[in-house]
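In full-length UniProt numbering, the protein residues as written are 1 to 732.
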């Protein structure tokens, strides 16, 4: 046998602390056919700075679709199917780098996904630039060992093979035809090169994570050894590995036989004159039941005496609506007939490779008037790769190599829903059959009609009123996830364990908006002291901060007067410009120079905010430069007057020191105390402290300016006018 090794690598990604699925970094690989060994090389590293501490990285694996994870322990939506993902932990303690290998023998071909993330986020709001977070990097590489000339078993034909040694197992494969109801694998004539009885182990199927349904069979001696499988995966290669459990130097000769039982489906008439599931129905009458027939090349004795349930296929059209959005439409109407003689089968095509990033929703509604038996139940199974062809209570929707999802409707419970989160890339099948408590004979002539609604959506229920459906991308692969707000959590934002009440949401909105009214005293002081430009800036800041926070609320108490991004930009711009003009006003510059700096600084601030809106230097830069100008101007005034400036101790004690103290407290609250839980009142305190500090820090008006005197300017009484004209003296 010729083995070929291949290597696949993807660029490293910076890990994030987990708060929602978007924080998990996804890696997408494709495992080729005939792969006998898969090895993951997982490399994790961290920075070398003092801020880097020991950290545990969680890595999840899944075949066919992104892994469904729940690090926060939240609740999933009702009717959602959840199977825990396979995961490992990588610890970065003393070492800067950690390398881990994960081996998978006989892996399933197709898409494989890896998701990595850090522990739960602390919830603290950090200002960009105040602290340097430790970088944690993760990279996944894939090595595969592929067999280029894997032997093929022909159905119904015994084929002899030799196992050279226990260290070199034998790999063969067989193709499972469409409509295969069962498979039988038989191993016989097992002898060693020493003419002794042999012991071998047979592994059928491939390994899939998180759950693997690989079948094992141990054969001892030369007697026949067989294994029967129900509902093998349709139109796929089934890999079989045979390994010797004997001595190291002895080779083993075996004879293998694979046979299939095929259920030929009955047709269903439609106006398009084709069947989605059964593409070739030559000679079959519309509405006629199917019949058992052996596969090509299969001996007649393989089906003699065997009985398998046939099926009635219903044509289904796949209608692509948008990215990760598909609707399935039944050609013969939304309702399908269901009987007890054979299951009704619907094909849900999800094998494009771009459908596994959403949620598959199947909704069944029973027409109560169509069921003549009160105790009858319509059992349904949703399964991937192969359908469930015998729906009874003991099977629990299991096929040869997978576990389906059961559903049932009856006259007492006429509606059922199933949500499959991140369905794997494959052909999915919906099987329905009418079951009676006293057996098949009781309802042999009965028929029920079930309305089927099936669709693929990016996020179930669009994440509800307290969530936002986000479309994520990893290279060319797209998948969706919900980002929750207002304390709600869960996969679809349906977990209200930590949810904020409506009263709390209203209180948060009122605090964050009405706290901006504390700018009114600063505006009044600025107007009284003839700082009209500064008063205009404070008014602008108060207005946009109020309506930005009214639009930024996560709950139901939201009001947006314009686009959210515009409100946010105007709020950030007004906040930084208000600090800029306040400090320049304190410098007591000449008017022409002050207004030139006002305009030039505002333009530069607007440019920097467009480049990086949340950067700390967008606020600290203008503040430090304005403070430098103010200190320089104060030193100049002090040197010119030959005493400290400002000269009045009352100005320092009652205005400057309180204003500076309030400003420092506001900066401390903004930079170090805000978290996701206390944001609504800590940020409101920031509004109040900044507005009050501005009112204290504004300098007094110029001495030559007279105060506003509206009564003197709007008078109606007589005044004595003085003639100031100079008299001209004439020379005579």
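For glycine and all other residues, C-beta sits at the position ideal for the given N, C-alpha and C. In this text, all values refer to a predicted model and were calculated from it rather than measured experimentally.
Residue 25 classed as buried or exposed, judged by whether at least 16 other C-beta atoms fall within 10 angstroms: buried
When the Cβ atoms of the segment 118-127 are set against those of the segment 673-692, are three or more pairs found closer than 8 Å?
yes
Practice task
Throw me the rounded Cβ distance for the residue 105 and residue 37 pair, which I believe falls under 8 Å.
Solution key: 6 Å
Query raised in the report: Which residues mark the beginning and the end of the beta strand (DSSP E) in which residue 180 is found?
Result: 180-192
What are the residues that DSSP puts in a beta bridge with residue 87? 60
### Query
Taking the alpha-carbon positions, what's the residue 350 to residue 240 distance?
26 Å
Inset, instruction - Go ahead and label residue 558 buried or exposed: buried means 16 or more other beta carbons lie within 10 angstroms of its beta carbon, across all protein chains shown. - result: exposed
Q. When burial is assigned at 16 or more other CB atoms within 10 Å of the CB, is residue 333 buried or exposed?
A. exposed
key: Assigned secondary structure, residue 2 (DSSP; H/G/I helix, E/B strand, else coil)   = coil
If we call anything under 8 Å between Cβ atoms a contact, is residue 366 one with residue 450?
-> yes
4-residue-minimum alpha helix (DSSP H) runs that sit fully inside the segment 548-616, ordered along the chain: 564-586 and 591-611
- request: Report the three-state DSSP secondary structure of residue 403 (helix, strand or coil).
  value: strand
Counting only the same chain and skipping the five closest in sequence on each side, list residues whose C-beta sits under 8 Å from that of residue 77. 419, 460, 461, 490, 491, 492 and 494
Practice prompt. Name the residue from 30, 3, 43 and 31 whose alpha carbon lies nearest to the alpha carbon of residue 12.
Written response: 43
**Request:** Keeping to the same chain, check which residues put their C-beta closer than 7 Å to that of residue 572; ignore five residues upstream and five downstream.
**Result:** 609 and 613
- [ ] Measure the C-alpha to C-alpha separation of residue 23 and residue 570 and round it to an integer number of angstroms.
- [x] 29 Å
* Asked: Who are the Cβ neighbours of residue 335 in its own chain at under 6 Å, not counting the five residues just before and after it?
  -> 449 and 451
task: Drop a sphere of 10 angstroms on the beta-carbon of residue 3, count the other beta-carbons inside from all chains shown, and report buried for 16 or more, exposed for fewer.
output: exposed
task = Check each candidate in 515, 583 and 505 and name the one with the smallest Cα separation from residue 553.
result = 505
Would you kindly work out how many angstroms separate the C-alpha atoms of residue 180 and residue 231, rounded to a whole number? 7 Å
**Report entry** Within 8 Å, strictly: CB atoms of residue 411 and residue 368
**Finding:** yes
*Touch test, the segment 371-390 against the segment 509-523, Cβ-Cβ under 8 Å, three pairs minimum*: no
>> Check this for me: beta carbons of residue 63 and residue 424, under 8 Å apart or not?
In response: yes
Exercise for the section: Specify the secondary structure class of residue 17 as computed by DSSP and reduced to three states. Expected result: strand
Quiz item: Ordered along the chain, which non-local residues of its own chain (more than five positions away) have a Cβ less than 6 Å from that of residue 253?
Solution: 162 and 191
Point to revise | Euclidean distance between Cα positions of residue 498 and residue 465 | key: 15 Å
Run through DSSP, which three-state label would residue 510 get?
helix
(request) Would you list, in sequence order, the uninterrupted beta strand (DSSP E) runs of no fewer than 3 residues that lie entirely inside the segment 319-381? (result) 325-330, 335-339, 344-350 and 359-366
What does the alpha-carbon distance come out to for the pair residue 486 and residue 555? 5 Å
Does DSSP put residue 629 in a helix, a strand or coil? helix
In this structure, does DSSP put residue 51 in helix, strand or coil? coil
Going by C-alpha to C-alpha distance, which of 414, 413, 380 and 513 sits closest to residue 404?
380
(request) Compare the C-alpha of residue 695 against each of 649, 606, 69 and 517 and name the closest. (result) 517
So for residue 7, helix, strand or coil by DSSP? strand
(Q) Quick test of the definition: if touching needs 3 or more C-beta pairs under 8 Å, does the segment 687-702 touch the segment 518-536? (A) yes
Practice problem: Please confirm whether residue 688 and residue 408 have their CB atoms less than 8 Å apart. | Solution: no
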